[in-house]
Ligand code: SF4
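Residue numbers (the UniProt record's numbering): 1 to 91.
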């Protein structure tokens, strides 16, 4: 069996250009149990940052491929990623 691996630096190098680099992670990761309007406000704020991010594509693909359960990645919320993963798993 042949295992393909990528250099670690290549897997993560997109993060060097991230718009969220150095920001407080609480913008992207809600506290446990946060719901309703507070949650939507947090997600909207995170998405606004992601919209201006030059690496939103790689970020979103990484989150889907590595099945990130929490937070906003690539402009997509946890709920949106869960739906996308369900579709991907059906194929
Ligand atoms: S898309 Fe959003 S979460 Fe991903 S690196 Fe850019 S700003 Fe950060």
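Here a beta-carbon is modelled for each residue, glycine too, at the ideal position from N, C-alpha and C.
The model shown is predicted, which means the values in this text are computed figures rather than measured ones.
Note down, one range per segment and in chain order, each alpha helix (DSSP H) of at least 4 residues found wholly within the UniProt domain "4Fe-4S Wbl-type" (19-83). 36-51 and 56-65
Relative to the alpha-carbon of residue 30, which residue among 43, 23 and 89 has its alpha-carbon at the smallest distance? 43
Outcome for residue 76 when other beta-carbon atoms lying within 10 angstroms are tallied against a minimum of 16: buried
To the nearest angstrom, how far is the alpha carbon of residue 50 from that of residue 2? 36 Å
Quick one: is residue 81 buried, meaning 16 or more other Cβ sit within 10 Å of its Cβ, or exposed? buried
When you compare only the Cα positions, how much space is there between residue 41 and residue 53? 19 Å
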